[in-house]
Amino acid sequence: MLFYKMTQKHLTTKIKRQNDYSSFSKELPYALRQLATELRSGKSLFDSMDSISRFDYGILSLEFSRVLEEIKYGESTEQAFLNLEKRVDSKAFSRVIYEILTSLRIGANLSSSLSIIAEDVNFDMRMKLKEYSEKLNAFIMIYTFLAILGPVILLTM
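Heads up, the working numbering is the position in the sequence shown plus 138, with the first residue counted as 1.
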């Protein structure tokens with residue numbers, strides 16, 4: 139019984155975390171665009187991340203504020219971002235973290251890289267939505283046939 143409760147609690151936590159991080163990927167392109175715009179305007183990376191953490195980007199805002207807190211309390215910037223990558227299971231966000239760390243090391247233009255990544259993430263989201271709508275359309279056609287045309291054909295027979 140105890141094992142069942144522990145397993146159930148673990149599964150509930152895992153499902154909740156997956157739901158939180160699914161909303162994370164939905165907010166990512168918008169946050170990246172804001173981050174790129176603020177970097178282009180002359181703000182530092184940390185000021186831009188602070189403004190992202192104050193806006194309502196859901197779990198993304200919480201994770202950015204957590205990174206800023208880790209840096210504030212003595213964690214190296216690189217290690218704070220690597221900790222963030224471990225917490226968040228997203229290929230797109232891993233790419234963002236890699237770009238941020240690379241630009242911090244060599245001084246590259248981060249705003250243009252983030253804009254490109256935001257466009258890629260947005261394109262991927264549109265493709266997934268298109269695939270989903272195509273699958274849904276097929277089910278709607280089957281349902282329409284069975285629910286509407288099926289009884290009509292049976293009545294005429």
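Just so it is clear, CB atoms sit at the ideal spot from N, CA and C, and this is done for glycine as well.
Worksheet entry | Nearest residue (CA-CA) to phenylalanine 162, options Val226, Arg192, Met295, Arg243 | Translated into positions along the sequence shown, residue 162 becomes position 24. Nearest neighbour of phenylalanine 162 by Cα position, chosen from Val226, Arg192, Met295, Arg243, turns out to be Val226.
Item to check | Separation of alanine 276 from leucine 292, as counted between CA atoms | outcome: Locating residue 292 in the sequence shown gives position 154, counting from the first residue. Locating residue 276 in the sequence shown gives position 138, counting from the first residue. So the alpha carbons of these two residues sit roughly 23 Å apart.
task: Buried or exposed for glutamate 176, please, with buried defined as at least 16 other CB atoms from any protein chain shown within 10 angstroms of its CB.
output: Numbered from its first residue, the sequence shown carries residue 176 at position 38. Around the beta carbon of glutamate 176, a 10 Å sphere encloses 16 or more other beta carbons of the protein chains shown; the residue is thus reported as buried.
Q.
What does the alpha-carbon distance come out to for the pair asparagine 247 and isoleucine 255?
A. Stepping through the sequence shown from its first residue, residue 247 is reached at position 109. Stepping through the sequence shown from its first residue, residue 255 is reached at position 117. When only Cα atoms are considered, asparagine 247 and isoleucine 255 end up about 13 Å apart.
Since leucine 166 contacts valine 290 with CB under 8 Å, what's their CB separation in whole angstroms? In the sequence shown, residue 166 corresponds to position 28, counting from 1. In the sequence shown, residue 290 corresponds to position 152, counting from 1. Contact doesn't hold; Cβ gap of about 47 Å is too wide.
message: Below 8 Å, how does it come out for the stretch 205-225 and the stretch 176-195: are there three or more Cβ pairs, yes or no?
response: The stretch 205-225 is in contact with the stretch 176-195.
Margin query: Can you give me the C-alpha to C-alpha distance between phenylalanine 253 and glutamine 172, rounded to a whole angstrom?
Written below: Stepping through the sequence shown from its first residue, residue 253 is reached at position 115. Stepping through the sequence shown from its first residue, residue 172 is reached at position 34. Rather than phenylalanine, the amino acid found at residue 253 in this sequence is serine. One Cα belongs to serine 253, the other to glutamine 172, and the distance between them is close to 9 Å.
7 Å CB neighbourhood of arginine 233 in its chain, flanking five on each side removed:
Residue numbering aside, residue 233 sits at position 95 when the sequence shown is read from its first letter. Counting only residues of its own chain and dropping the five nearest sequence neighbours on each side, arginine 233 has a CB closer than 7 Å to the CB of Ile255.
Under DSSP, the alpha helix (DSSP H) around lysine 210 begins and ends at which residues?
Start at 1 with the first residue of the sequence shown, and residue 210 comes out as number 72. It spans 197-210 - the alpha helix (DSSP H) in which lysine 210 sits, taken as one unbroken run.
Exercise. Going along the chain, which residues of its own chain have a beta-carbon closer than 6 Å to the beta-carbon of serine 249, five neighbours each way excluded?
Worked result: On the sequence shown, residue 249 is found 111 positions in, with the first residue counted as 1. The residues are Ala174, Leu177, Arg178.
Straight-line gap, glycine 180 to threonine 215 (C-alpha atoms, nearest Å): The residue you call residue 180 lines up with position 42 of the sequence shown. The residue you call residue 215 lines up with position 77 of the sequence shown. In this structure, the CA atom of glycine 180 is about 20 Å from the CA atom of threonine 215.
inquiry  = Once DSSP output is grouped into helix, strand and coil, what is the label at proline 289?
reply    = Taking the first residue of the sequence shown as position 1, residue 289 is located at position 151. Proline 289 falls in the helix class under three-state DSSP.
- Task: Output yes or no for whether 7 Å exceeds the beta carbon distance between serine 251 and glutamate 237.
- Result: Along the sequence shown, read from residue 1 onward, the residue named residue 251 stands at position 113. Along the sequence shown, read from residue 1 onward, the residue named residue 237 stands at position 99. The Cβ atoms of serine 251 and glutamate 237 lie closer than 7 Å to each other.
Can you name the start and end residues of the alpha helix (DSSP H) that asparagine 275 belongs to?
-> For the purposes of this step, residue 275 is identified with residue 137 of the sequence shown, where counting begins at 1. Where asparagine 275 is concerned, the enclosing alpha helix (DSSP H) stretches over 248-282.
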